[in-house]
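To start, the structure itself, in structure tokens.
Residue numbers (my numbering): 5 to 321.
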């Protein structure tokens, strides 16, 4: 199937003001928006419909949970409940999620300083991988916190949100944002500040009652994902996504020892394999294009489409 024959939706990447267009296809509510809604619904339900914060207590990780396998499911559910006494607990986490997961932030946009919708982790990874990444980060950070603090319970999405922020810093290290809405800093510096602050808190310096070890675990989870999965895919095809492709590629590996009668056969098979990878990557990008539009594609994905277009034009001459 030629490049011109593939179906994808037309999308205007920028609005009338020069900022990234936030319009989405009908019926395609963002995963990030859904996660935020779920968190706020549970927070409000706990205060309005349950007595003595029983809903939060039921879903949060309690002391000693790690030693009770029948309650391990709480390492997931704890990421969706927040302190009923501190609104900033849920507000801060959801702010981080909407900024770096969805891409609405205050920073330096196409027309200078202002709020704009830019690159974000949901579009970068694709919905399914983004959701899996977020949920696994919550579980991983909760387990690590329980390992280092077995007699202390935990709740909140901060482990998953920290993972999203650090992954953003790894993908866009030179992206400049306004820290606290005032100080312009590149994302690599913001990421270092977050890690340093959590490391200091974990060592005993800082405000109590915060799961610093969960934050650090989320940051570590993001780094592992970036190094072993996102970067692997990037080297293969020029894109970032992800662990599904990593394991699929590993499962397709052929035995190292092959016997050929002619070198021409070897070259032909290598060329065929590269073409298969090219076509597979092209289909993935066009599929994402139809869901998130051009604005949702990464720079590498846009460049890949340009190369593909040129390739098919030259082929049909």
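From the three backbone atoms N, C-alpha and C, an ideal C-beta is built for every residue, glycine too.
Rounded straight-line distance, which links the Cα of residue 225 to that of residue 314 | Rounded to whole angstroms, the separation of the alpha carbons of residue 225 and residue 314 is 38 Å.
From residue 53 to residue 213, what distance separates their C-alpha atoms?
-> Taking the straight line from one Cα to the other gives about 26 Å.
For residue 57, which residues of its own chain have a beta-carbon under 7 Å away from its beta-carbon, when the five flanking residues on both sides are left out?
-> Excluding sequence neighbours, residue 57 sits near 50, 88.
Secondary structure at residue 302, three-state DSSP: helix, strand or coil?
-> Secondary structure at residue 302: coil, using DSSP grouped into helix, strand and coil.
State the DSSP-derived secondary structure class of residue 188, mapped to helix, strand or coil.
-> In the structure shown, residue 188 sits in a strand (DSSP, three-state: E or B).
Do you know offhand how far residue 197's Cα is from residue 164's?
-> Looking at the two C-alpha atoms, the distance is approximately 17 Å.
The region 69-77 in contact with the region 134-154 per 3-pair CB rule at 8 Å = Yes, the region 69-77 is in contact with the region 134-154.
Leaving out five residues before and five after residue 4 in sequence, what residues of the same chain have Cβ atoms less than 6 Å from its Cβ?
-> Nothing can be reported for residue 4: it is not among the residues displayed for the chain, which extend from 5 to 321.
Please state if the CB of residue 125 and the CB of residue 175 are separated by a distance shorter than 9 Å.
-> With contacts defined as CB atoms closer than 9 Å, residue 175 and residue 125 qualify as a contacting pair.
6 Å Cβ shell around residue 138 - same chain, five flanking residues per side excluded = The residues are 164.
Segment limits, beta strand (DSSP E) that includes residue 183 | In this chain, the beta strand (DSSP E) harbouring residue 183 covers 180-183.
Would you kindly report the start and end of the unbroken alpha helix (DSSP H) that includes residue 48?
-> Looking at the DSSP string, the run of the alpha helix (DSSP H) that includes residue 48 is 35-52.
What distance in whole Å lies between the Cβ atoms of residue 129 and residue 40, which are believed to be in contact at a cut-off of 8 Å?
-> In fact, because the Cβ distance is near 17 Å, the residues do not count as touching under 8 Å.
Under a Cβ-count criterion, where at least 16 other Cβ atoms within 10 Å of its own Cβ denotes burial, should residue 305 be classed as buried or exposed?
-> With 16 or more Cβ atoms within 10 Å of its Cβ, residue 305 is classed as buried.
Taking just the CA atoms, how far does residue 309 sit from residue 182?
-> Distance between residue 182 and residue 309, taken at the CA atoms: about 32 Å.
Taking C-beta to C-beta, are residue 190 and residue 178 nearer than 9 Å?
-> Yes.
If you draw a straight line from the C-alpha of residue 63 to the C-alpha of residue 123, how long is it?
-> The straight-line gap from Cα to Cα measures roughly 33 Å.
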